[in-house]
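S.K.: Position in the sequence shown counted from 1, then plus 2, gives you my numbering. Note that CB positions come from ideal geometry on N, CA and C, so glycine has one too. I am attaching a structure below and will ask some questions about it afterwards.
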Amino acid sequence: MESKSKHEASLGELELQPTREPAIENPTTRLNPPIEETSLTKRNLFKVLAASISFFFAGNNDGSLGALTPYILRTYNVGTEYVALIYGATFLGWLFAAAKNSHLIRYLNLGAILTLGAFIQLLAHTLRCWTPPCALYVITFFFQATGMAYNESHANTFVASIDGAHRLLGFIHAMYALGCLISPFVATAIAARVGGEWMLFYLYLVGIGVVNVGVVGVAFRDCLGMHAKPQQSAAPGDPYGEGSRSRIANRDIIDTLKSPSVYLLSLFYFFMLGTGITAGGWVVEYLIEARNGRLPDIGYVPAGLWGGVFLGRVVLAEPTHRFGERRMTMVYCVLILALQLVFWLVPSLVGGAVSISIIGFFYGSMFATGMSIGSKLFLKEIQTTALGFVFVLAQAGGSFFPAVTGIIVSEAGVRVMQPVLVGLIVSMGISWALVPKVKKRNE
3 MESKSKHEAS LGELELQPTR EPAIENPTTR LNPPIEETSL TKRNLFKVLA
53 ASISFFFAGN NDGSLGALTP YILRTYNVGT EYVALIYGAT FLGWLFAAAK
103 NSHLIRYLNL GAILTLGAFI QLLAHTLRCW TPPCALYVIT FFFQATGMAY
153 NESHANTFVA SIDGAHRLLG FIHAMYALGC LISPFVATAI AARVGGEWML
203 FYLYLVGIGV VNVGVVGVAF RDCLGMHAKP QQSAAPGDPY GEGSRSRIAN
253 RDIIDTLKSP SVYLLSLFYF FMLGTGITAG GWVVEYLIEA RNGRLPDIGY
303 VPAGLWGGVF LGRVVLAEPT HRFGERRMTM VYCVLILALQ LVFWLVPSLV
353 GGAVSISIIG FFYGSMFATG MSIGSKLFLK EIQTTALGFV FVLAQAGGSF
403 FPAVTGIIVS EAGVRVMQPV LVGLIVSMGI SWALVPKVKK RNE
């Protein structure tokens, strides 16, 4: 499902007003100020809308894989273990971006990073649309994930800094789900009706990618450039030195790794994204093999899942915030488990499709809720670094579990998907219970 999502933080600190360097008074002062609360001005509203287009673009990519998987396997004449390589390349892309992000933020402004990420994603889809060799097709998922990490994580952190962030986060994540909802319809229609030329679907993504690059560049044009190069000082250890950028970035990473809350929230995302992407990535193959579904019809089932996610993110954001994020998320975990058992134990093609859609509804609000909790748990000085770490662990789960499921499926059959999902949902609920309670918002 969310290859990501995701699916969204960076490993450096966002500079919301990048045209002015803060005064540096001592070697321990950071080059960038902590994120400030901002009001929803017209300019910021345009930036939020640009972020929503980025999430819509990413959702179209992630939501299409489940529908295209049967065609990919048959075109390249490979087994289900090949899908494990795709998820592995996706994780490596996120890992690479995470390793470079905290240093990149010291040189590029917010708008430049977002535009860079959008361009890298556009490059990935351009390489896919002509049926590339098998190995190159896998490599494009590395590029896609790297670009998504730069684009979505910084956009997510920017939106989290604006007043009323729980609603705005719900909106941009709903746009991600909307992309995931639409893409299975488009992908299945193209693959089934254009002589099996499923790779032409990526021309659709190239078009959205061009729009994404343009809108992001215009919306963030006030911070579309590089930070001014620090001047060297004769004093040893002076923070104006060029090397101080790397030292500050490394210090942020070390401070992040010392925070127990980072690991506990990451554990929840590890299982949460693993659950969603495993379900979305394997549901089509499961319904074909275990429920005797027809590929042209079953290819649309992921759209039901993502339709549920979209509605959940639109409808549940406010009640989740009002009645308690911790309490409501635990309730959603219990309901998801019950629905998954229905999907597993009731041998009905229609019942399975309906169950997976309702699962998506209750699953939908979890990603934005976790971001809201994280923005309150982590100190402002390490917030984006910490959220970046959380995203890497989330992508690890979103890559590891679908990949392992693919390897197991190749040996034991696709029916093994169901007990794997039950175990992931239970682990997701337990890990959420371990996330620390928020005492007050960090200022």
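Which class does I26 belong to by DSSP, given the choice of helix, strand or coil?
M.R.: By one-based count along the sequence shown, residue 26 stands at place 24. The pLDDT assigned to I26 is 35, lower than 50, so where the model puts this residue is not dependable, and the model offers no usable value.
S.K.: Does the distance from the C-beta atom of G314 to that of G366 stay below 7 Å?
M.R.: For the purposes of this step, residue 314 is taken as residue 312 along the sequence shown, with counting starting at 1. For the purposes of this step, residue 366 is taken as residue 364 along the sequence shown, with counting starting at 1. Contact flag set, yes.
S.K.: Measuring straight from C-alpha to C-alpha, what distance separates L226 and N111?
M.R.: Numbered from its first residue, the sequence shown carries residue 226 at position 224. Numbered from its first residue, the sequence shown carries residue 111 at position 109. Approximately 6 Å between the Cα atoms of the pair.
S.K.: So A179 packs on W308, CB below 8 Å; how close in whole Å?
M.R.: Numbered from its first residue, the sequence shown carries residue 179 at position 177. Numbered from its first residue, the sequence shown carries residue 308 at position 306. Rounded, the Cβ-Cβ distance is 5 Å, consistent with contact.
S.K.: So, helix, strand or coil for N46, using DSSP?
M.R.: In the sequence shown, the residue the question calls residue 46 occupies position 44. Helix.
S.K.: Taking K382 as part of the alpha helix (DSSP H), name the residues at either end of that continuous run.
M.R.: The residue given as residue 382 occupies position 380 in the sequence shown. No alpha helix (DSSP H) holds K382; DSSP gives it neither H nor E.
S.K.: Please specify which runs of the alpha helix (DSSP H), each continuous and at least 4 residues long, are wholly inside the segment 325-411, giving them in chain order.
M.R.: Runs found: 327-347, 351-365, 368-379.
S.K.: What's the gap between the Cα of F403 and the Cα of A167?
M.R.: Locating residue 403 in the sequence shown gives position 401, where the first residue counts as 1. Locating residue 167 in the sequence shown gives position 165, where the first residue counts as 1. So the two alpha carbons sit approximately 30 Å from each other.
S.K.: Can you tell me whether L110 is helix, strand or coil according to DSSP?
M.R.: Here residue 110 is taken as the residue at index 108 of the sequence shown, counted from 1. Residue state, collapsed to three classes: strand.
S.K.: Any idea which residues DSSP pairs I164 with across the strands?
M.R.: For the purposes of this step, residue 164 is taken as residue 162 along the sequence shown, with counting starting at 1. For I164, which the question treats as bridged, DSSP gives the partners T40.
S.K.: Please state if the CB of G219 and the CB of Q123 are separated by a distance shorter than 7 Å.
M.R.: Your numbering for residue 123 matches position 121 in the sequence shown. Your numbering for residue 219 matches position 217 in the sequence shown. Contact flag unset, no.
S.K.: Following the continuous alpha helix (DSSP H) through G282, name the residue where it begins and the one where it ends.
M.R.: The residue labelled residue 282 in the question sits at position 280 within the sequence shown. Note, G282: alpha helix (DSSP H), 262-291.
S.K.: Would you please verify whether the beta carbon of P321 is less than 7 Å from any beta carbon of chain D?
M.R.: Any reference to chain D falls outside this structure, which holds one protein chain only.
S.K.: Can you say whether P241 is buried or exposed, counting buried as having 16 or more other CB atoms within 10 angstroms of its CB?
M.R.: The sequence position of residue 241 within the sequence shown is 239, counting from 1. Legend: pLDDT at P241 = 47, less than 50; position of this residue unreliable, no value from coordinates given.
S.K.: Identify the residues that DSSP records as bridge partners of M515: which are they?
M.R.: Missing from the structure shown is residue 515; the chain here goes from 3 to 445 and no further.
S.K.: Hey, could you find the ends of the alpha helix (DSSP H) L436 is sitting in?
M.R.: As a working note, residue 436 is residue 434 in the sequence shown. Unbroken alpha helix (DSSP H) run through L436: 419-436.
S.K.: With 16 other CB atoms within 10 Å as the buried threshold, where does P24 fall?
M.R.: Position 22 of the sequence shown, counting from 1, holds the residue named residue 24. In this predicted model, P24 has a pLDDT of only 38, less than 50, meaning its place in the structure is not dependable; the value taken from the coordinates is given anyway. P24 should be labelled exposed.
S.K.: For a test of the three-state rule: what should DSSP assign to G309, helix, strand or coil?
M.R.: Taking the sequence shown and counting its residues from 1, one reaches residue 309 at position 307. In the structure shown, G309 sits in a helix (DSSP, three-state: H, G or I).
S.K.: Measuring only the C-alpha atoms, how far is V392 from L202?
M.R.: Stepping through the sequence shown from its first residue, residue 392 is reached at position 390. Stepping through the sequence shown from its first residue, residue 202 is reached at position 200. Cα-Cα distance, rounded: 34 Å.
S.K.: If I follow the unbroken alpha helix (DSSP H) through L205, where does it start and stop?
M.R.: In the sequence shown, residue 205 corresponds to position 203, counting from 1. Looking at the DSSP string, the run of the alpha helix (DSSP H) that includes L205 is 203-221.
S.K.: On a Cα-Cα basis, can you pick out the residue from T407, F48, G326 that is closest to K439?
M.R.: Residue numbering aside, residue 439 sits at position 437 when the sequence shown is read from its first letter. Looking at the Cα atoms, G326 is the closest of the given residues.
S.K.: Thinking just about the alpha-carbon of each residue, which of V356, L267, I300, V394 is nearest to the one in S429?
M.R.: For the purposes of this step, residue 429 is identified with residue 427 of the sequence shown, where counting begins at 1. Looking at the Cα atoms, L267 is the closest of the given residues.
S.K.: Classify C131 as helix, strand or coil using the three-state DSSP reduction.
M.R.: The residue labelled residue 131 in the question sits at position 129 within the sequence shown. Correct three-state label for C131: coil.
S.K.: How is N34 classed by DSSP in three states: helix, strand or coil?
M.R.: Start at 1 with the first residue of the sequence shown, and residue 34 comes out as number 32. Confidence is the limiting factor: at N34 the pLDDT is only 45, short of 50, which leaves the residue's position unreliable, though a coordinate-based value still follows. Of the three classes helix, strand and coil, the one that applies to N34 here is coil, per DSSP.
S.K.: Alpha carbons only, please: which of L42, F345, G65, E383 is nearest the one belonging to I256?
M.R.: If you number the sequence shown from 1, residue 256 lands on position 254. Of L42, F345, G65, E383, the residue nearest in Cα terms is E383.
S.K.: Terminal residues of the continuous alpha helix (DSSP H) containing L297?
M.R.: Stepping through the sequence shown from its first residue, residue 297 is reached at position 295. Counting along the chain, the alpha helix (DSSP H) containing L297 begins and ends at 297-300.
S.K.: DSSP state of V80, grouped into three classes?
M.R.: The residue you call residue 80 lines up with position 78 of the sequence shown. The answer is coil: DSSP assigns V80 none of H, G, I, E or B.
S.K.: Taking S374 and F273 to be in contact with their CB atoms under 8 Å, please state how far apart those CB atoms are, rounded to whole angstroms.
M.R.: The sequence position of residue 374 within the sequence shown is 372, counting from 1. The sequence position of residue 273 within the sequence shown is 271, counting from 1. About 18 Å separates the two Cβ atoms, so there is no contact after all.
S.K.: Which residues in the same chain have their Cβ closer than 6 Å to the Cβ of F312, if we skip the five residues on either side of it in sequence?
M.R.: In the sequence shown, residue 312 corresponds to position 310, counting from 1. These residues qualify, in order along the chain: A176, A179, L180, L183.
S.K.: Among A398, S185, E320, G400, whose alpha-carbon lies nearest the alpha-carbon of A305?
M.R.: Within the sequence shown, the letter at position 303 stands for residue 305. Comparing Cα positions, the closest option is S185.
S.K.: Do three or more CB pairs link the segment 117-131 to the segment 140-156 at distances below 8 Å?
M.R.: In short, these stretches touch, since the Cβ pair count reaches three.
S.K.: Tell me whether K102 sits in a helix, a strand or coil according to DSSP, three-state version.
M.R.: If you number the sequence shown from 1, residue 102 lands on position 100. Helix.
S.K.: Once the 5 residues before and after L424 are set aside, which same chain residues still bring their CB inside 8 Å of it?
M.R.: Position 422 of the sequence shown, counted from the start, is the residue given in the question as residue 424. The question names Leu, but residue 424 is Val in the sequence shown. Closer than 8 Å at the Cβ level, and outside the excluded window around V424, lie L339, Q342, L343, W346.
S.K.: Is the distance from the Cβ of G310 to the Cβ of F369 below 7 Å?
M.R.: Within the sequence shown, residue 310 is the residue found at index 308, counting from 1. Within the sequence shown, residue 369 is the residue found at index 367, counting from 1. Against a cut-off of 7 Å, the Cβ pair of F369 and G310 comes out as no contact.
S.K.: In three-state DSSP terms, what is G61?
M.R.: Indexing the sequence shown from 1 puts residue 61 at position 59. Note: G61 maps to helix in three-state DSSP.
S.K.: What residue from T77, L171, A398 has the CA that sits closest to V317's CA?
M.R.: For the purposes of this step, residue 317 is taken as residue 315 along the sequence shown, with counting starting at 1. With distances taken between Cα atoms, V317 lies closest to L171.
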